[in-house]
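Note sheet for the following structure.
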Amino acid sequence: MKKAFIHYFTGTGNTKHAAKILADELNKSQYLVTVINIAEKDSWLKKIEPNCLQVFLYPVYAFVYPKPMLDYIKKLPRGQNNKTAIIANHGMVSDKGGLHTGYEGAGPFFLKRILSKKNYSVFYTDKVGYPENLTVLAPAIDQESQKKVIQNADQLMREKASKILQEKPSFQKYSIFIVIVSYLLGLLYLTIGSKTIGKLFLIDNDCNSCKVCLKSCPTGAIKFFKQKPYWSLKCSGCLRCFNICPKFSINISIIRVVMLILISVLIIPLTVMWYLWVEKNLSLAGVEGLSFIIKSGFFRVTFGIFIYGLLSFVALLMIDKILLLIERIPFLKQLVGFTYSKKFKRYFFS
Ligand SMILES: Cc1cc2nc3c(=O)[nH]c(=O)nc-3n(C[C@H](O)[C@H](O)[C@H](O)COP(=O)(O)O)c2cc1C
Numbered sequence: 005m006k007k008a009f010i011h012y013f014t015g016t017g018n019t020k021h022a023a024k025i026l027a028d029e030l031n032k033s034q035y036l037v038t039v040i041n042i043a044e045k046d047s048w049l050k051k052i053e054p055n056c057l058q059v060f061l062y063p064v065y066a067f068v069y070p071k072p073m074l075d076y077i078k079k080l081p082r083g084q085n086n087k088t089a090i091i092a093n094h095g096m097v098s099d100k101g102g103l104h105t106g107y108e109g110a111g112p113f114f115l116k117r118i119l120s121k122k123n124y125s126v127f128y129t130d131k132v133g134y135p136e137n138l139t140v141l142a143p144a145i146d147q148e149s150q151k152k153v154i155q156n157a158d159q160l161m162r163e164k165a166s167k168i169l170q171e172k173p174s175f176q177k178y179s180i181f182i183v184i185v186s187y188l189l190g191l192l193y194l195t196i197g198s199k200t201i202g203k204l205f206l207i208d209n210d211c212n213s214c215k216v217c218l219k220s221c222p223t224g225a226i227k228f229f230k231q232k233p234y235w236s237l238k239c240s241g242c243l244r245c246f247n248i249c250p251k252f253s254i255n256i257s258i259i260r261v262v263m264l265i266l267i268s269v270l271i272i273p274l275t276v277m278w279y280l281w282v283e284k285n286l287s288l289a290g291v292e293g294l295s296f297i298i299k300s301g302f303f304r305v306t307f308g309i310f311i312y313g314l315l316s317f318v319a320l321l322m323i324d325k326i327l328l329l330i331e332r333i334p335f336l337k338q339l340v341g342f343t344y345s346k347k348f349k350r351y352f353f354s
C-alpha cells in the first residue's frame, strides 16, 4: 500500500478541515495517510521513507506562510526525492458586491525552493480559498457565505486530490513583482508582524479567565498574569485566540495601533541613519570581500527591512511596558481601552 503524509498548520480550523478532505480522498485511492498537525508534534520523523507522498498545507499569512510552517520545513530531515505537493489556503472575503478571493502570495514558490534543496521533488503547487479569519481588520463573512465558500473549497480540494494522485506536474505561476512583494511583506510579517499582533491586544473586563485562549494556542505563546492573558514572542499571529474567545474579550487597542503607526513612520529616518552608519563602518573596517554584497540592491532592501523591523520591534516592546504602566491610572486606563473590534463577528471553522 502506498503511503502519504499530510503536514498542516491551522489557526482557525480551515486548513485542518482541508487536510481531512485531502486525506479522505487519498484514502479512497488506497493510500495509507498520516495527517500531521505540525503544531502538535514536530519530531515525528527520524527519516523520510522513499516513495511516500508528502503534502504541505498552510494558511496564508501576509502573502506567505506561518512561521511554525517555515521552521518545521527547515527542520525536516532530507527527503528521498519524495513526490511533494504544496497547497496555500488563503481567505475569502465579502463586501456589498459579493464574495471575493483573497490572495495567496508567492509562498508556494519559496517553500518549493527550500524543499527542493532538501531533496523533495515538488511536482505540484496550488491554492484554495476558505473563509477569511483576519477578523482584527473586518468582521467575519456571514454564515450563509461561509457555507458557500466552504462547500466550494471542499470541492476544489477533492479536485486537487485527484490531480495530486495523477502525479502530473503542475505549478502556480507568480510574476517577479508578486515574488518581490511577497518576499518583503513576508519578511516583515515573519520577523516582527506576527509577534506584534499580541502586543496590540486589549483584554476587556468581560474576560472571566476561562483560559480557552491559553489552552488552544498552537504555539504556547499565551501566559496569564493577574487572571489576564498576555502574549509572548512565540506568537505566530494565527488569531485563534482572538477568534475563539467566548466573550469577545480580546480586542485591538486603538491607542496601541496609533502608537505602532507613529513609531513605524518615525523609525524610517532612524533606519536610514543606522543603515548608512553600518555601511560606512563596514567599509572602514576594510571588509572588502563583502562590499559588493553590501552594495547590491537586494542586500540593501533586505537589510533595511531587517533593521526597520528590529527598531520597530524594540520600540513596540518599550511602548508595551509604558502602556501597562498607564493602564494603572484610572482616567488614562479608559483611553487605552478604546477598541473598534468588540462588535466584529469572529470566525472559527464549524
Ligand atoms: C495574520 C493573518 C494574515 C493573513 N493574510 C492573508 C493574506 O495575505 N491573503 C489571504 O488571502 N488571506 C490571508 N489571511 C486569511 C487566512 O489565510 C485564511 O482565512 C485561512 O483560510 C485561515 O486558515 P486557518 O483557519 O487554517 O487558520 C490571513 C490571516 C491571518 C490570521
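With positions in the sequence shown counted from 1, the corresponding number in the working numbering is that position plus 4. A virtual CB, placed ideally from N, CA and C, is assigned to each residue, including glycine. A quick note: this is a predicted structure, and the numbers were derived from the prediction, not measured.
Check whether residue i and residue j have beta carbons under 8 Å apart
| i | j | result |
| --- | --- | --- |
| residue 201 | residue 241 | yes |
| residue 252 | residue 17 | no |
| residue 126 | residue 93 | no |
| residue 176 | residue 131 | yes |
| residue 57 | residue 12 | no |
| residue 224 | residue 203 | no |
| residue 84 | residue 41 | no |
| residue 315 | residue 265 | no |
| residue 324 | residue 255 | no |
| residue 91 | residue 140 | no |
| residue 128 | residue 173 | yes |
| residue 276 | residue 250 | no |
| residue 205 | residue 218 | no |
| residue 33 | residue 169 | yes |
Contact test: residue i Cβ vs ligand 1 heavy atom, cutoff 7 Å
| i | result |
| --- | --- |
| residue 211 | no |
| residue 67 | yes |
| residue 14 | yes |
| residue 108 | yes |
| residue 17 | yes |
| residue 242 | yes |
| residue 104 | no |
| residue 134 | yes |
| residue 11 | no |
| residue 342 | no |
| residue 353 | yes |
| residue 20 | yes |
| residue 63 | yes |
| residue 190 | no |
| residue 255 | no |
| residue 95 | yes |
| residue 26 | no |
| residue 138 | yes |
Residue i classed as buried or exposed, judged by whether at least 16 other C-beta atoms fall within 10 angstroms
| i | result |
| --- | --- |
| residue 26 | buried |
| residue 109 | buried |
| residue 155 | exposed |
| residue 257 | buried |
| residue 349 | exposed |
| residue 326 | exposed |
| residue 74 | buried |
| residue 72 | buried |
| residue 69 | buried |
| residue 302 | exposed |
| residue 30 | buried |
| residue 190 | buried |
| residue 186 | buried |
| residue 111 | buried |
| residue 344 | exposed |
| residue 328 | exposed |
Residue closest to residue i, alpha-carbon to alpha-carbon, out of the options
| i | options | result |
| --- | --- | --- |
| residue 98 | 146, 115 and 74 | 146 |
| residue 188 | 156, 323, 310 and 153 | 310 |
| residue 81 | 71, 118 and 304 | 118 |
| residue 321 | 169, 283, 112 and 199 | 199 |
| residue 317 | 34, 196, 221 and 332 | 196 |
| residue 280 | 261, 168, 308 and 269 | 308 |
| residue 278 | 263, 312 and 345 | 312 |
| residue 86 | 116, 342, 274 and 221 | 116 |
| residue 22 | 129, 34, 142 and 158 | 158 |
| residue 96 | 347, 151, 303 and 52 | 151 |
| residue 153 | 206, 142 and 137 | 137 |
| residue 104 | 134, 346 and 230 | 134 |
| residue 15 | 337, 334 and 248 | 248 |
| residue 194 | 329, 67 and 341 | 67 |
| residue 282 | 304, 226 and 262 | 304 |
| residue 178 | 261, 114 and 269 | 114 |
| residue 28 | 210, 44 and 8 | 8 |
| residue 183 | 107, 76 and 213 | 107 |
| residue 43 | 77, 35 and 36 | 77 |
| residue 274 | 319, 245, 260 and 35 | 319 |
| residue 259 | 284, 245 and 338 | 338 |
Cutoff 8 Å: residue i Cβ touching any chain D Cβ
| i | result |
| --- | --- |
| residue 173 | No chain D is present in this structure, which holds just one protein chain. |
Of all the alpha helix (DSSP H) runs that stay within the bounds of the stretch 101-131, which reach a length of 4 or more residues?
111-121
Contained beta strand (DSSP E) runs [length at least 3] in the stretch 155-220, N- to C-terminal order
205-207
Unbroken stretches of the beta strand (DSSP E), 3 residues or longer, contained in the stretch 230-284:
232-235 and 254-256
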